[in-house]
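Protein chains in written order, with the working numbering: chain R, 431 to 543; chain B, 8 to 118.
The C-beta atom is built at its ideal place from N, Cα and C for all residues, glycine as well.
What you are looking at is a predicted structure, and each value in this text was computed from that prediction instead of being measured.
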């Protein structure tokens, strides 16, 4: 039973460029959440997708956008990259239930130079 | 105002002792509570979840929840060097809500 898979593992981009990160949820999960984790900090919530709609959004600018496909996989897009966007980006999937915990992928390490 | 607060540590505990990690949250209506362990350079992995007041035990780990005090804790008995990691407390308000994480407590088990 495959867990959450993310690609790519590492990415180096230049300031101003655009990036797309991809995520396949754990089998049976229908909800995908994206988090940004800076060094030494806890994961910060970016947004959550359910039924192909953005259901909740954290305090991130519109440069951060996403998508969820009918097979529940998801993408995170970041436009006009800033140096401060350098972080570990975590995708997590879950069931749409109150007690359902998040299951994380291995993350994508984004470096913006 | 932070919604989930943890002491950043580092918390240093001798091998074999009990490590106690604490977390407070601000939203009184929160329903679900989770503890994650994160090794350096890795992604968080779920250790425990707790939903009702009281204690929940799983092996060497015990989660404690007190909703009246808005407090959740994690006890690790017989601490091992492999327990050295950052422990993240996470809180969920309802089924359709986001899960909010604290900034984590760095735990170091000294031999």
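(request) Step through the CB atoms of chain R and report whether any lies within less than 9 Å of the CB of residue 111 of chain B. (result) yes
(request) Anything in the segment 24–43 of chain B with a Cβ closer than 9 Å to a Cβ of chain R? List those residues in chain order, please. (result) 38, 39, 41, 43
(request) Using a cut-off of 8 Å between C-beta atoms, extract the partners of residue 536 of chain R located in chain B. (result) 49, 50
(request) Could you tell me which chain B residues have their CB closer than 7 Å to the CB of residue 531 of chain R, listed as they occur along the chain? (result) 41, 53, 56
(request) Kindly provide the ranges of any beta strand (DSSP E) runs that are 3 or more residues long and lie completely inside the segment 27–76 of chain B, ordered along the chain. (result) 39–45, 52–57, 61–65, 68–73
(request) Could you list which residues in chain B have their beta carbon closer than 8 Å to that of residue 520 of chain R, in chain order? (result) 50, 51
(message) Taking 6 Å as the limit between beta carbons, can you name the residues of its chain near residue 456 of chain R, skipping five residues before and five after?
(response) 433, 434, 523, 533
(request) Can you tell me which of B:98, B:26, B:17, B:76 puts its alpha carbon nearest to the alpha carbon of residue 528 of chain R? (result) B:98
(message) For residue 84 of chain B and residue 67 of chain B, what's the separation of their Cα atoms in angstroms?
(response) 5 Å
(request) For residue 498 of chain R, decide whether its Cβ has a neighbour in chain B, counting only Cβ atoms nearer than 9 Å. (result) no
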